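In the numbering used here, the protein residues as written are 17 to 73.
Here's what the structure looks like:
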């Protein structure tokens with residue numbers, strides 16, 4: 017795993033532990049939604065750029 021993957025894995029593990037313990041539930045759900053929407057947005061943008069790049073060639 018790359019350093020970024022390891023950091024992301026640690027972050028998600030900590031997030032999961034906090035959710036399971038019931039602490040920070042509201043803040044985590046908002047934060048989790050924000051992270052998920054950004055990841056989806058990034059994936060869609062990257063996919064669009066890849067498709068657009070292939071169409072222009």
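C-beta: ideal position from N, C-alpha, C; glycine also. As the structure is a computational prediction, the values presented were derived from the model and not from experiment.
What separation, rounded to the nearest whole angstrom, lies between the Cα atoms of residue i and residue j?
i, j, result
"residue 64", "residue 55", "14 Å"
"residue 59", "residue 67", "12 Å"
"residue 21", "residue 46", "22 Å"
"residue 57", "residue 51", "10 Å"
"residue 62", "residue 69", "10 Å"
"residue 48", "residue 18", "22 Å"
"residue 27", "residue 33", "10 Å"
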